[in-house]
Structures are given as C-alpha cells and as structure tokens.
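Read the structure below first, then the notes.
In my numbering, the protein residues as written are 3 to 355.
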C-alpha cells in the first residue's frame with residue numbers, strides 16, 4: 003500500500019501473493035475432485051438441497067459482521083469510534099493480506115494501516131488490533147475447552163488435550179506481550195525496531211517508509227503503552243466482554259458453514275466428530291507453510307473428512323466450503339484493498355500535479 007503510512011506495502015507483491023494462493027488452491031481442489039469424483043458425485047449434485055447451501059452464504063456474511071463489530075466496539079472504547087462500514091473494511095482488507103502472506107503475517111499490519119486511515123494514531127491502531135487478537139486467542143482456548151468437554155467421546159485420547167495446551171500457550175503469549183508493552187515500553191521500542199529491520203520486513207515495507215516508522219517508534223510505543231493500559235482498564239471491561247461475545251458469534255457462524263454444506267449434499271453423520279476436526283483444522287491453519295493455508299488446507303481438510311464423509315462427496319464439500327470461507331472473503335478483501343490503492347494513487351497524482 004502506498005501513502006503516508008509506515009505500513010506501505012508493495013502492491014506488486016500483493017498481486018503476486020494473490021496469484022500464488024489462487025494457483026495453489028485451484029490446483030489442490032482440482033486434484034481432490036479428480037481423485038474423489040465418481041458417478042455418485044453426479045447423483046449427489048442432482049439431489050442437493052439448495053436451501054441449505056443458500057443458508058451457508060448468509061452464515062459467512064454474519065461472521066464478517068461479528069468480526070467487524072469487534073473493531074467497532076474497540077475503537078469506541080478508546081473514544082475514536084469508526085463506522086461499522088469502516089470496521090468491515092478493516093476486517094476484510096486485513097483478511098486479504100492475511101490470506102496471501104505466510105503465517106498470516108500481513109493481517110495485523112494491514113489492519114493497523116486501514117485503522118490509521120480512519121484517523122487513529124499508530125499507537126491506537128496497534129492497541130485495537132492487538133487487543134482483538136488477544137481476545138480471539140483466549141476465545142479459541144475457551145472454544146477448545148468447550149469442544150473437548152462436549153465431544154470428549156469423539157476426541158482421540160491425548161490429542162484434544164495437547165491441542166488445547168497449544169492454544170492456551172498462544173493465548174498466554176499474546177497476554178504477556180500486551181503486558182510487556184504496557185509495563186516496559188522502552189524495551190518494547192528496542193524489540194520493535196529490530197523487528198522492522200528483519201529480512202522479511204525489508205521485503206514487504208519500502209525503505210523510506212520503514213525509516214519513517216522507526217523515527218516515530220519511541221513516541222508511538224509510549225502512546226501504545228498508554229492506549230493498551232487505557233483499553234484494559236476497568237472502565238472498558240464491559241466493552242472487552244462484548245468483543246468476546248461478538249467473536250463467539252463470528253466463530254459460531256463460521257463453524258456453521260460446513261454442517262450446512264454437508265446437509266445440502268444430503269450427508270447425515272456424526273457432527274460431534276466433525277466439529278472437533280474443524281477445530282483441529284483451524285488450529286493448524288496459522289502454522290501452514292503456504293500463504294493463507296492455500297493448498298495445504300484443502301489437502302488437510304480432505305484428510306480430516308475421510309472416514310466421516312463419503313468419498314464421493316469430499317471433493318464437492320471441500321470446493322464449496324473453501325469457496326465460501328476463504329475465496330469469498332479473499333474476493334471481498336481484494337475489492338477493499340483495490341479501492342484503497344486507487345484512492346492513494348489519485349492522491350499521489352493530485353500531489354504531483
């Protein structure tokens with residue numbers, strides 16, 4: 003992205019990242035369809051219940067709404083409220099870069115950039131995105147505990163506990179990181195400066211913007227510390243609890259997509275096993291070696307469905323589920339990012355003139 007933000011990202015790399023994930027995803031789905039297709043697949047298509055499949059798309063939109071609401075609530079809590087429309091753009095634009103970068107590394111920088119375009123300071127923007135990420139990590143730990151208790155008969159012994167320990171560890175790391183920025187802003191400044199000079203950041207952020215950010219880093223870290231301290235103060239406990247609840251809504255809506263797709267294709271099976279396997283998949287996506295888990299998620303999801311879903315349905319289910327939960331968000335996010343690019347280009351032309 004271009005403009006006056008320290009988060010300027012080369013748009014050519016964005017295009018290459020998008021092309022790469024599309025290639026991996028399409029190739030993976032084509033391979034899965036090839037190996038799982040038979041005459042029963044055609045019969046399933048003829049008998050599909052369109053009402054369930056139609057309901058899956060609003061479920062995705064509902065997950066967007068709840069995810070955007072988290073930004074709306076947090077910005078209101080720090081008294082720099084943005085509209086729900088702007089919150090939706092922050093969520094979708096951030097998701098776009100999260101989906102096309104390794105380990106989702108482009109997610110939070112893009113969210114910070116888009117929030118800064120809504121007149122939040124970098125410290126405020128980082129506080130909002132960091133708080134949302136930390137709440138999400140604790141929510142995922144909570145979901146893991148609920149799933150482990152509710153569906154323990156369907157969870158292989160030892161696996162569920164190990165996964166839950168990993169999720170809780172991530173939540174604790176996020177919490178300690180936030181506490182570090184609040185209590186030790188000077189040390190945090192040094193760490194962030196070093197992070198911005200890593201090879202990865204040199205690839206994604208242009209040198210002039212990186213230098214500009216580093217020049218402001220000390221002041222912004224102090225502001226970030228103050229913003230985090232304010233955001234997690236007792237006066238905002240209600241808002242933070244509300245963010246937790248809307249994130250529950252977002253995950254519930256997202257988890258409902260797969261059952262709706264399966265019901266649409268006439269599947270009747272053990273939903274408890276399915277829910278645990280979905281949770282397992284979402285735990286593994288952030289550590290996928292490919293951007294957005296493209297290719298790896300399709301293959302991994304196929305493996306998780308074997309033994310639960312009939313083989314002739316797997317290709318169809320993977321195609322529709324991935325299209326709804328990944329590619330639909332990718333397309334919407336790309337439109338947000340493209341509009342941001344066009345506005346910045348127009349501003350640059352006006353400045354040049």
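No residue lacks a Cβ here, since even glycine has one placed at the ideal position from N, Cα and C.
### Task
Between the Cα of residue 37 and those of 322, 315, 329, 338, spot the shortest distance and give me the residue it belongs to.
Looking from the CA of residue 37, the closest CA among 322, 315, 329, 338 belongs to 315.
### Task
Please report the Cβ distance between residue 30 and residue 301, rounded to the nearest whole angstrom; I am assuming they are in contact, meaning their Cβ atoms lie under 8 Å.
Right, the Cβ-Cβ distance comes to about 6 Å (below 8 Å), so this counts as a contact.
### Message
Using a 10 Å radius around the Cβ and a threshold of 16 neighbouring Cβ atoms, would you call residue 6 buried or exposed?
### Response
Legend: pLDDT at residue 6 = 42, less than 50; position of this residue unreliable, no value from coordinates given.
### Query
DSSP state of residue 320, grouped into three classes?
In this structure, residue 320 counts as helix in the three-state DSSP scheme.
### Task
Report the residue from 311, 294, 295 whose alpha carbon sits nearest the alpha carbon of residue 269.
Checked all of 311, 294, 295; the closest Cα to residue 269 is 311.
### Task
Please look up how many angstroms separate the CB atoms of residue 51 and residue 318, rounded, as I've assumed it's under 8 Å.
That belief does not hold up - the Cβ atoms of residue 51 and residue 318 are roughly 13 Å apart, past 8 Å.
### Task
Mind listing, in chain order, the continuous beta strand (DSSP E) runs of no fewer than 3 residues lying wholly within the stretch 215–265?
With a minimum length of 3 residues, no continuous beta strand (DSSP E) run stays inside the stretch 215–265.
### Three-state secondary structure (DSSP) of residue 46
Looking at residue 46 - three-state DSSP - the assignment turns out to be helix.
### Query
Nearest-angstrom Cα distance between residue 167 and residue 344?
Distance between residue 167 and residue 344, taken at the CA atoms: about 44 Å.
### Message
Quick check: the Cα distance between residue 79 and residue 226, rounded to an integer number of angstroms?
### Response
One C-alpha to the other measures close to 15 Å.
### Task
Could you pull out every residue in the same chain whose Cβ sits closer than 7 Å to the Cβ of residue 327, ignoring the five residues on either side in sequence?
So the qualifying residues of the chain are 62, 256, 259.
### Query
Does the pairing of the stretch 232–241 with the stretch 272–290 give three or more beta-carbon distances under 8 Å?
Because the criterion of three Cβ pairs below 8 Å is not met, the stretch 232–241 and the stretch 272–290 do not touch.
#### Entry: Candidates 58, 274, 120, of which the one nearest residue 342 by Cα
Closest option to residue 342, Cα to Cα, is 120.
#### Entry: For residue 118, the nearest candidate out of 89, 175, 107, 281 (CA to CA)
It is 89.
### Query
So what's residue 73 in DSSP terms, helix, strand or just coil?
DSSP places residue 73 in helix when its eight states are reduced to three.
### Task
Identify whether residue 308 lies in helix, strand or coil by the three-state DSSP scheme.
The answer is strand: DSSP assigns residue 308 an E or B state.
#### Entry: Residue closest to residue 242, alpha-carbon to alpha-carbon, out of 73, 48, 56, 276
Comparing Cα positions, the closest option is 73.
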